[in-house]
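Residue numbers (UniProt numbering), protein chains in the order written: chain A, 1 to 183; chain B, 1 to 183.
Below you'll find the structure, written out as C-alpha cells, and then a few comments.
There are 2 protein chains.
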Amino acid sequence: MLETALRLFASQGFHGTSIRDVAKALELQPSALYAHFASKEHILAELVQLGHEAHHEALRKVLLSAGTEPEAQVRALIRAHTVMHATHPQLSVVVNEESHALPPELAAPAMALRNQSTALLLEVIERGVAMGRFTPPHAVATAAAISAMGVRLPYWYEPAGTLDVDTLADIHAELALRMLGGR
Amino acid sequence: MLETALRLFASQGFHGTSIRDVAKALELQPSALYAHFASKEHILAELVQLGHEAHHEALRKVLLSAGTEPEAQVRALIRAHTVMHATHPQLSVVVNEESHALPPELAAPAMALRNQSTALLLEVIERGVAMGRFTPPHAVATAAAISAMGVRLPYWYEPAGTLDVDTLADIHAELALRMLGGR
DNA sequence: GTCTATACCACGATAGAC
DNA sequence: GTCTATCGTGGTATAGAC
Chain A
1 MLETALRLFA
11 SQGFHGTSIR
21 DVAKALELQP
31 SALYAHFASK
41 EHILAELVQL
51 GHEAHHEALR
61 KVLLSAGTEP
71 EAQVRALIRA
81 HTVMHATHPQ
91 LSVVVNEESH
101 ALPPELAAPA
111 MALRNQSTAL
121 LLEVIERGVA
131 MGRFTPPHAV
141 ATAAAISAMG
151 VRLPYWYEPA
161 GTLDVDTLAD
171 IHAELALRML
181 GGR
Chain B
1 MLETALRLFA
11 SQGFHGTSIR
21 DVAKALELQP
31 SALYAHFASK
41 EHILAELVQL
51 GHEAHHEALR
61 KVLLSAGTEP
71 EAQVRALIRA
81 HTVMHATHPQ
91 LSVVVNEESH
101 ALPPELAAPA
111 MALRNQSTAL
121 LLEVIERGVA
131 MGRFTPPHAV
141 ATAAAISAMG
151 VRLPYWYEPA
161 GTLDVDTLAD
171 IHAELALRML
181 GGR
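Right under this line is the structure:
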C-alpha cells in the first residue's frame, strides 16, 4: 500500500494524487485507508521518512568499510548515493519533490537525517582538503554538484538501457574525484 | 500576474495552488483570471514555455561568441546555465517540477526546446572528445552530471550569501572542465 | 479492516451584469 | 476586464454496520 501510494505520488505528485486514486489502485474504498493512516499527509510522511532512512543508512554503512583514505571514502559514498537513486527512482523523486508538502513537524525527522547525510560527504571532502589530497574550487559548491549527479538520475537514467547501475556508480565516483582534484 | 502565479507554483506546486490562491494574491476575484487565461493549465504552460525559451536563448547566444575551442564553449554554456538557474530559481523549479502536470500537447513545444538545449551541450562535448581535448568517462552521463549542477542550484544556493553568482558560474565551469578532463 | 453512505468543503470554470 | 453569483465535481475525512 505504501508502494502503491509511492507509485502514484511519484507520477502525479502528492497534491495531484487523491485518496480516491490510491484506494482505486488498491481496489479498496477510500475509507479503508484510514484504518492504516491518520491522513494523506501521514502516508507521505512515512514514505519521506523511509526514503531518508534508507539513504542515510546506506551511506553510513559503506563509510564504515571504506578505510581511511579520503579518495576511497568519496568513492564509497558516491557509489552508494548513485546506486540508491538509480534503483529507487520513485522514492528519490517523492523525497526530493514532495517533502515540502509536509507540515514542518511531520518533515522534521527526515530533514535532520538529510542534514546528517549532507554533512557526511562534506566532512570527507574537508578532511581530504586538509590533508592536501583534494583541491576543489569550493568545498560546499562541489559537494552540492557531486550530490546533484545522483539526485537528478531518475530524470534521465533508464536501468533497462545499455548502462548498468554498477558501471554508472563507477562513472559518478570518477566524476566526483575529478571535481575534487583527487588522485 | 504570471509572476504571482510563478511565485505560488514554485512554493506550493501547481496542484497545491488553486485559482482562488492566485486571485487572492492579486486582489482579484477568481473569475477575473479567465479574461487572461483559458485555464489554470494554460498559465502553467505559459510559464514553462517562457522558462524554456529564456534558457535556450541564453545558451544559443553565448555559444555564438564563445569561439571554436571546445573548452571555451563548455565554459560559456555552463556559465550561462548556472547564471540562469541562480538568478531565476523559481522559474527553474516550476519548469523542472511542474512541467509533467501539463497534458502532452501543451508541454510539447517546451520539451522540443529542452531537447535542443540538451543537445547543444552534448554536441560540444562530443566534438571535444573527437578532437582529443576531452576524456569524460561517459559522454551522456557526464553531460547529465554537468547539467545537474545548475538544475539543483535553487535547492541550496542563496544569492544573498557569501558566494556571488559570477563566482559560482566560474566554479561550475571549472567543475565541468574537470569532469571532462579538459585543459 | 472493510464496507456503504455521507458530511462538508474547496475545486475549476461559467453566466451575465456593468 | 472585473464584478457577483453559482454550477457541478471531486476533495479529505468520518459514522456506523458487519
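C-beta: ideal position from N, C-alpha, C; glycine also.
Residue i in three-state terms, based on DSSP
| i | result |
| --- | --- |
| B:H56 | helix |
| A:Y155 | helix |
| B:Q29 | coil |
| B:F9 | helix |
| A:T142 | helix |
| B:A38 | coil |
| A:G150 | helix |
| A:H85 | helix |
| B:P70 | helix |
| B:G16 | coil |
| A:R75 | helix |
| A:T162 | coil |
C-beta contact flag for residue i and residue j at 8 Å
| i | j | result |
| --- | --- | --- |
| A:G181 | A:E98 | no |
| B:I19 | B:L33 | yes |
| A:I125 | A:A143 | yes |
| A:L59 | A:L77 | yes |
| B:H15 | B:A101 | yes |
| B:M179 | B:P136 | yes |
Where the alpha helix (DSSP H) through residue i begins and ends
| i | result |
| --- | --- |
| A:A119 | 104-130 |
| A:P89 | 89-98 |
| A:L177 | 165-180 |
CB contact check: residue i to chain B, cutoff 8 Å
| i | result |
| --- | --- |
| A:P30 | no |
| A:I171 | yes |
| A:G13 | yes |
| A:M179 | yes |
| A:L163 | yes |
| A:G67 | no |
Residue-chain proximity (residue i, chain A), Cβ-Cβ < 8 Å
| i | result |
| --- | --- |
| B:P103 | no |
| B:L50 | no |
| B:A38 | no |
| B:A141 | yes |
| B:E174 | yes |
Any C-beta of chain B within less than 7 Å: which residues of the stretch 144-159 of chain A qualify? A144, A145, A148, M149, V151, R152, W156
Near-chain A residues of the stretch 92-119 of chain B - C-beta to any C-beta below 7 Å: E97, A101
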